[in-house]
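With the working numbering applied, the sequence shown corresponds to residues 346 to 414, in that order. From the three backbone atoms N, C-alpha and C, an ideal C-beta is built for every residue, glycine too.
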Amino acid sequence: MDKLGGASCRLQQTVERVAMAEPLRPLETIVDAMVTVAYLGAGGRPRRQPAAWRASFDALLDAAQTSTD
């Protein structure tokens, strides 16, 4: 995750084919995508994500930023 908003977040997703024998290692990237997820209410309008979700995503974002520093 690289961006967290009140009603959305942006996630990086990578799918790789890996070797089936030890050592398990990526052989090729099948798809690499940046996905924006929006939180919507019943009427289809943006709404704030639940506080517990926001706290979990904040922790993931902090961990991702720490690992790249």
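Helix, strand or coil for Leu-369? Go by DSSP, reduced to three states. coil
Can you give the Cα-Cα distance for Leu-372 and Ser-412, rounded to whole angstroms? 23 Å
Mind checking whether Cys-354 and Val-382 have CB atoms under 9 Å apart? Result yes, Cβ atoms of Cys-354 and Val-382 sit closer than 9 Å.
Are there 16 or more other CB atoms within 10 angstroms of the CB of Gln-410, so buried, or fewer, so exposed? exposed
Residues of its chain near Gln-358, where Cβ-Cβ distance is below 7 Å and the 5 sequence neighbours each way are ignored: Ala-378 and Val-380
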